[in-house]
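> After the structure tokens below, expect a handful of questions from me.
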Amino acid sequence: MKNQITNAISDFFFEYETPRQVLVRNRRVGVVCRIIQLGVLAYIIGWVFIYEKGYQSTDIAVGSVFTKMKGVGYTSINGSERVWDVADYVFPSQGDASFVVMTNYIITEGQKMGKCPELHGKHNCSSNADCEGGSFKRTGHGQMTGECVKETKTCQVLAWCPVEDDLVIPDPPMLMSAENYTLFIKNSVTFPLFGVSRSNLVEGIDAGYISKCLYHPENAPLCPIFRLGDIVKLSGFNFETIATVGGAIGVVVDWTCNFDVAVTHCKPKYAFHGLYGNPTETDKARASVGYNFRYAKHYMEDSIPKRTLLKVFGIRFDIIVQSLARKFDIIPTLTAIGSGVGIFGVATVVCDLVLLYLLPKRAFYKNMKFKYTDTHAQK
Amino acid sequence: MKNQITNAISDFFFEYETPRQVLVRNRRVGVVCRIIQLGVLAYIIGWVFIYEKGYQSTDIAVGSVFTKMKGVGYTSINGSERVWDVADYVFPSQGDASFVVMTNYIITEGQKMGKCPELHGKHNCSSNADCEGGSFKRTGHGQMTGECVKETKTCQVLAWCPVEDDLVIPDPPMLMSAENYTLFIKNSVTFPLFGVSRSNLVEGIDAGYISKCLYHPENAPLCPIFRLGDIVKLSGFNFETIATVGGAIGVVVDWTCNFDVAVTHCKPKYAFHGLYGNPTETDKARASVGYNFRYAKHYMEDSIPKRTLLKVFGIRFDIIVQSLARKFDIIPTLTAIGSGVGIFGVATVVCDLVLLYLLPKRAFYKNMKFKYTDTHAQK
Amino acid sequence: MKNQITNAISDFFFEYETPRQVLVRNRRVGVVCRIIQLGVLAYIIGWVFIYEKGYQSTDIAVGSVFTKMKGVGYTSINGSERVWDVADYVFPSQGDASFVVMTNYIITEGQKMGKCPELHGKHNCSSNADCEGGSFKRTGHGQMTGECVKETKTCQVLAWCPVEDDLVIPDPPMLMSAENYTLFIKNSVTFPLFGVSRSNLVEGIDAGYISKCLYHPENAPLCPIFRLGDIVKLSGFNFETIATVGGAIGVVVDWTCNFDVAVTHCKPKYAFHGLYGNPTETDKARASVGYNFRYAKHYMEDSIPKRTLLKVFGIRFDIIVQSLARKFDIIPTLTAIGSGVGIFGVATVVCDLVLLYLLPKRAFYKNMKFKYTDTHAQK
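Shown next, in the form of structure tokens:
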């Protein structure tokens, strides 16, 4: 018995099965089949391996972005000159990946809580009956008191008074000088699967270079300092338009890297595109042109809380990190080879169909290929 | 020699190998094998291709979100009426994807730097010995001076005085009117692999529609304007509870798209779910119910810096963009076919095992299938 | 005719093809081939299935992060003592995933709009000709008036006056006490493909535990409360250095989960690493050491708008959620098996090459394996 098992094992190891083949000497079939097989081979090598890099596994990065604006704006309104620095025109101030640069504004100074008539066009009324006391309108500024103010023909509201008048947007924008502000982007990414960390301050981008460079698509594609006017232009916007009503621009930092070559070749590419507010887009975008929000500076005057309300029109920048790294990996390589061999099998099946069903001598080939067991009768 | 190579090449092209097969005429084996093969075929076509769409490659989007709140709140405390507008109750003000709407608050007005007793319950003391001068407590309001205040039986601290008393949370919440605020979401996504950009203001959602629509799961599933009360309800919360202690709600914008059909069919779906603070959840969530943070408005009074401290309870909204786009791609198609053919091979192996080891006439079949080379003796 | 079709169908179901094989009894070839085949089998089972878990599909999470700082800082400058609480040192205040803790600052109090000389070192001049009126410098504080101030030998600018003097950074940092602040992280993640939601307050991390625990890599790896000094240390920084000039630290919450086991085993791992500003890094990082931003508190004094400008140096924390969940899935399982069978086919091809081209008795084996159709002449 033990001998039998030993024999079976030694048989298993010393034997080897290989399929018996018919070698069909037929030019037509031969050529067709070889072409199909070569096509499959070319597809596997050329397309899967070389073009689509099927021998690599992929990973996307986790990253962190820090931004810093520089530049000073200047306005002169009715002879009152003032400048706007970073602490005044960037929201939020701490250098987030998504921030707004104010380019235009409607200022309402010295608001305090009180009762005043609504803005003309909202809550119009002819008598007190039109102003239901205690109710709100979604787009109104406050709570109606129930009184209709004769001078303005609008309902009186409890609100921060005087109410903001935003019917006319300043044009040209107050802060056209924003065009010359500069944006500095620091971005570091980590590909967890490959254990690689990169920063957009790549090799060669040192403190000396940064202090004097300015991004340019061709001449300085790695300089992380961008002129706002350039970004807006590269996104296809007109600066004055976007500065007037506001808009949103995506700054894409693209990390498409191949880690089969040296890591130092992994460098970011910057791209810019409008997110909303593009006045040249189709109807659906125009449904909501512009970008604005309200911002209040609170203060105390004569023990009365007051505020300065700013309706800020600005350019919102979203720094979007997009990444795709590839590296040789044995699993996708063998999966690609394995499934390629499978497709080779399909090629053989196709050729067999030609051989056995389409050729004139098909009966002959069938006979060559198949051997019949004449045991049909048995159950 | 050259002739030989030419011959070899012509042989290669004009010949074609096909495996020789045994055609086993056995009902039992035949039926079993055909069923296995048909099962594999059904799996490949039905499951991999139709159900799992294995012929498509997938991509996730990079996107950008902008939000805007509308609505006015009203409070009346001890006869002092005031309204709260967007600039007062949204943090941060610039319309981020993640923001907080204040629904309740504890206000501490006129704080200035000084020495005052700690809040009762923190730093309780009976004598100066209990208050170590110069030290802090992690949850305290300031630095201990080393003195025990007899009146309050708490340590004196150097802090913004008077210290905030947050032992009692106002209930019902101060700003129940938040239920009627509306949230407008603008979201644009880009699928970099397929080069497709979409906005949640899809075809048909124009300025006219937006000005009067309100999101409803069935009647207006594409309207990007949401009533806060509706969002809270759809997330399974009770508005008054969440407004009192605060909470966090995720608004998922789901872009599950199939780009094999027209791009206009790619529309967002909105879903709402609580992130923390759900009082109906299990113990672990209850470990940290509520959402609050402190916010200070600084001002100068009689040349002394003062501040108004707000402990803000609110609903935090996280607009979460979730995306999965699919499109026909030749690589996954052929990988699926190739590995399907491989599984076909497994089916054949299973049938062979039945044929060669289980059937009564297995010796006969073995003889049919195999041809032995009698060269065992050689090394 | 109908009979013929019925016959064909019954033939198809009652027949079964299996390839005819040559069983080569040759020890050398047998051993080589069996080893290759066993190697392929071991690769498929060991590597693809056990090591790389090729039978599972993967998913990444969408999540939401909320943070809360606790602790009080203290400064004493020229005898003027003050404390800094959460509302003073965290930017932004509402508990975002990315925030800054102020550790050092340069304060410029009582700035108002006016004309004053630039900071020494910027816009140096010897005569009015050096100061072009109406122009800006990118790194300057305001708009030049065209006048050169003799006392400071710098150009006069229209700016918030007096201009900030940030030439000397306070060292040691003003708020070394930041080391003892604590950070509380709430993080919830959802794996949309598997429909699983998890929170970092996992089983066992309840309110009682949170109230007294402090994160420690070995003793308390699940406690979501972190001491700032510990985080900085675990990221490999020196606290005093990073507190002086600022820096950025990534707190990675790693959700690597296997949903084939109980969901309760899916627990977060915390990791800490510097993002920029690491003074021990290579040149490229040093290109931009530190992290700072400017922040203004506005107030009104004698009806003149004034501001207190803070140049904030701080540690920026980015809570980065990294996730990879795996679960058994029939598609990748069968794809792996299928392509494994394909690779088996490659093994057979390799053995055949040995058998037919390298062995001395190759002619014999060739004859055994192939059967020739002598129909070369036909077209």
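Residue numbers (this note's numbering), protein chains in the order written: chain V, 1 to 379; chain R, 1001 to 1379; chain D, 2001 to 2379.
Ideal placement from N, C-alpha and C gives every residue a C-beta, glycine not left out.
1. Between V:H298 and the rest of its own chain, which residues show a CB-CB distance below 7 Å, the 5 nearest in sequence each way excluded?
2. What's the C-alpha gap between D:E1975 and D:P2117?
3. For V:Y295, is the classification buried or exposed, using 16 other Cβ atoms within 10 angstroms of its Cβ as the cut-off for buried?
4. Using a Cβ-Cβ cutoff of less than 7 Å, which residues in the same chain neighbour D:M2174 once the five nearest sequence positions on both sides are dropped?
5. Just the chain R side, please: which residues come within less than 9 Å of V:N26 by C-beta, in chain order?
6. So, helix, strand or coil for R:I1036, using DSSP?
7. Smallest Cα separation from V:F328: which of V:F49, V:R28, V:R138 and V:I169?
8. Given a cut-off of 7 Å, decide if R:R1138 and D:K2070 are closer than it, judged by their beta-carbon atoms.
9. If you measure between the beta carbons of V:V40 and V:I320, is that distance less than 7 Å?
10. Buried or exposed, going by whether 16 or more other CB atoms sit within 10 Å of the CB of R:Y1357?
11. State buried or exposed for V:V22, treating a residue as buried only when at least 16 other CB atoms are found within 10 Å of its CB.
12. Among D:T2058, D:L2158 and D:F2226, which has the Cα closest to the Cα of D:T2067?
13. Let's test the definition: count the other Cβ atoms within 10 Å of the Cβ of D:K2369 and tell me whether it reaches 16, buried, or not, exposed.
14. For V:G390 versus R:E1015, is the C-beta spacing smaller than 7 Å?
15. Going by alpha carbons, who is nearest to D:F2091 out of D:I2331, D:F2313 and D:I2169?
16. Am I right that D:Y2181 and D:L2228 are in contact with their C-beta atoms under 8 Å? What's the rounded C-beta distance?
17. So is D:F2099 buried or exposed if we call it buried at 16+ other beta carbons inside 10 Å?
18. Would you report the Cα separation of V:G79 and D:H2141, rounded to the nearest angstrom?
19. Counting only beta-carbon atoms, is V:F136 nearer than 7 Å to chain R?
20. On the criterion of 16 or more Cβ atoms from any shown chain inside 10 Å, does R:P1172 qualify as buried, or is it exposed?
21. Would you tell me roughly how many angstroms separate the C-alpha atoms of D:E2052 and V:G54, rounded to the nearest one?
22. May I have the straight-line CA-CA distance separating D:S2135 from D:E2147, to the nearest angstrom?
23. Determine the closest residue to R:G1274 out of R:G1246, R:D1254, R:N1292 and R:K1267, with distance taken between C-alpha atoms.
24. In terms of alpha-carbon separation, which member of V:A207, V:K366, V:R326 and V:T154 lies closest to V:N124?
25. Beta carbons nearer than 9 Å to chain R: which residues of the stretch 51-62 of chain V have them?
26. State the Cα-Cα distance for the pair D:E2218 and D:R2316, rounded to the nearest angstrom.
27. From V:I107 to D:C2266, what distance separates their C-alpha atoms?
28. Have a look at R:D1013 and R:R1025 and give me their C-alpha separation to the nearest angstrom.
29. In whole angstroms, give me the CA-to-CA distance for V:W84 and D:R2326.
30. Between V:V72 and D:Q2143, which are expected to be in contact by the criterion C-beta below 8 Å, what is the C-beta distance as a whole number of angstroms?
31. Between the Cα of D:G2381 and those of D:E2132, D:D2130 and D:T2145, spot the shortest distance and give me the residue it belongs to.
32. Could you give the uninterrupted runs of the alpha helix (DSSP H) lying entirely in the stretch 2056-2109 of chain D, keeping only those of 4 residues or more?
33. Quick check: R:V1163 and R:Q1156, are their CB atoms within less than 7 Å of each other?
34. What runs of the alpha helix (DSSP H), each 4 residues or longer, lie entirely inside the stretch 2333-2372 of chain D?
35. How would you call R:R1020, buried or exposed, if buried means at least 16 neighbouring beta carbons within 10 angstroms?
36. Evaluate V:A159 with the Cβ neighbour count: other Cβ atoms within 10 Å of its Cβ, from every protein chain shown; 16 or more gives buried, anything less gives exposed.
Taking the structure as given:
1. Here residue 298 of chain V refers to the residue found at position 298 when the first sequence is read from its first residue. So the qualifying residues of the chain are P305 and R307.
2. Residue 1975 of chain D is absent from the model: chain D starts at 2001 and stops at 2379.
3. Residue mapping note: residue 295 of chain V aligns to position 295 of the first sequence, counting from 1. Flag for V:Y295 reads buried.
4. For the purposes of this step, residue 2174 of chain D is identified with residue 174 of the third sequence, where counting begins at 1. Scanning its chain for C-beta atoms nearer than 7 Å, with the 5 sequence neighbours on each side dropped, one finds around D:M2174 the residues T2075, N2104 and Y2105, in chain order.
5. Position 26 of the first sequence, counting from 1, holds the residue named residue 26 of chain V. The contacting residues are F1014, E1015 and Y1016.
6. The count along the second sequence starts at 1 and reaches residue 1036 of chain R at position 36. Here DSSP, grouped into helix, strand and coil, assigns R:I1036 to helix.
7. Here residue 328 of chain V refers to the residue found at position 328 when the first sequence is read from its first residue. Ranking the options by Cα distance to V:F328, first place goes to V:F49.
8. For the purposes of this step, residue 2070 of chain D is identified with residue 70 of the third sequence, where counting begins at 1. For the purposes of this step, residue 1138 of chain R is identified with residue 138 of the second sequence, where counting begins at 1. In this structure, R:R1138 lies closer than 7 Å to D:K2070 by Cβ.
9. Taking the first sequence and counting its residues from 1, one reaches residue 40 of chain V at position 40. Taking the first sequence and counting its residues from 1, one reaches residue 320 of chain V at position 320. The Cβ atoms of V:V40 and V:I320 do not sit closer than 7 Å to each other.
10. Taking the second sequence and counting its residues from 1, the one referred to as residue 1357 of chain R is at position 357. A residue is called buried once 16 or more other Cβ atoms fall within 10 Å of its Cβ, and R:Y1357, having fewer, is exposed.
11. Here residue 22 of chain V refers to the residue found at position 22 of the first sequence. Buried is the label assigned to V:V22, since at least 16 other Cβ atoms lie within 10 Å of its Cβ.
12. Numbered from its first residue, the third sequence carries residue 2067 of chain D at position 67. Closest option to D:T2067, Cα to Cα, is D:F2226.
13. Taking the first residue of the third sequence as 1, we reach residue 2369 of chain D at position 369. D:K2369 is buried by the Cβ-count criterion.
14. For chain V, the structure presents residues 1 to 379; residue 390 of chain V sits outside this window and is missing.
15. Taking the first residue of the third sequence as 1, we reach residue 2091 of chain D at position 91. Nearest neighbour of D:F2091 by Cα position, chosen from D:I2331, D:F2313 and D:I2169, turns out to be D:F2313.
16. Within the third sequence, residue 2181 of chain D is the residue found at index 181, counting from 1. Within the third sequence, residue 2228 of chain D is the residue found at index 228, counting from 1. Between D:L2228 and D:Y2181 the Cβ distance is about 5 Å, and since that is below 8 Å, they are a contact.
17. The residue labelled residue 2099 of chain D in the question sits at position 99 within the third sequence. So D:F2099 ends up on the buried side.
18. Sequence index remark: in the first sequence, residue 79 of chain V carries index 79 (1-based). Sequence index remark: in the third sequence, residue 2141 of chain D carries index 141 (1-based). Approximately 21 Å, taken between the alpha carbons.
19. Reading the first sequence from its first residue, position 136 is the one you call residue 136 of chain V. Output row for V:F136: interface = yes.
20. Taking the second sequence and counting its residues from 1, one reaches residue 1172 of chain R at position 172. With fewer than 16 Cβ atoms within 10 Å of its Cβ, R:P1172 is classed as exposed.
21. The residue you call residue 2052 of chain D lines up with position 52 of the third sequence. The residue you call residue 54 of chain V lines up with position 54 of the first sequence. Cα to Cα, the separation comes out at about 17 Å.
22. Here residue 2135 of chain D corresponds to residue number 135 of the third sequence, with the count starting at 1. Here residue 2147 of chain D corresponds to residue number 147 of the third sequence, with the count starting at 1. Distance between the alpha carbons of D:S2135 and D:E2147 is about 12 Å.
23. Locating residue 1274 of chain R in the second sequence gives position 274, counting from the first residue. Of the candidates R:G1246, R:D1254, R:N1292 and R:K1267, the residue whose Cα lies closest to the Cα of R:G1274 is R:G1246.
24. Counted from its first residue, the first sequence places residue 124 of chain V at position 124. Minimum Cα distance to V:N124 is reached at V:T154.
25. With the criterion set as a beta carbon lying under 9 Å from some beta carbon of chain R, the members of the stretch 51-62 of chain V are E52, G54 and I60, in sequence order.
26. As a working mapping, residue 2218 of chain D is identified with position 218 in the third sequence. As a working mapping, residue 2316 of chain D is identified with position 316 in the third sequence. Roughly 25 Å separates the two Cα atoms.
27. Here residue 107 of chain V is taken as the residue at index 107 of the first sequence, counted from 1. Here residue 2266 of chain D is taken as the residue at index 266 of the third sequence, counted from 1. Roughly 52 Å between the two C-alpha positions.
28. The residue labelled residue 1013 of chain R in the question sits at position 13 within the second sequence. The residue labelled residue 1025 of chain R in the question sits at position 25 within the second sequence. Per the sequence shown, residue 1013 of chain R should be read as Phe rather than Asp. So the two alpha carbons sit approximately 34 Å from each other.
29. Within the first sequence, the letter at position 84 stands for residue 84 of chain V. Within the third sequence, the letter at position 326 stands for residue 2326 of chain D. Those two C-alpha atoms are separated by around 52 Å.
30. Numbered from 1 along the first sequence, position 72 holds the residue referred to as residue 72 of chain V. Numbered from 1 along the third sequence, position 143 holds the residue referred to as residue 2143 of chain D. 7 Å between Cβ atoms; contact.
31. Outside the displayed range of chain D (2001 to 2379) lies residue 2381 of chain D, so it cannot be described from this structure.
32. For the stretch 2056-2109 of chain D, whole alpha helix (DSSP H) runs of length 4 or above, ordered along the chain, are 2086-2089.
33. Residue numbering aside, residue 1163 of chain R sits at position 163 when the second sequence is read from its first letter. Residue numbering aside, residue 1156 of chain R sits at position 156 when the second sequence is read from its first letter. The answer is no: Cβ separation not under 7 Å.
34. Fully enclosed alpha helix (DSSP H) runs of 4 or longer: 2362-2369.
35. Stepping through the second sequence from its first residue, residue 1020 of chain R is reached at position 20. Taking all protein chains in view, the Cβ of R:R1020 is crowded by 16 or more other Cβ atoms within 10 Å, so the residue is classified as buried.
36. On the first sequence, position 159 is the one that residue 159 of chain V refers to. So V:A159 ends up on the buried side.
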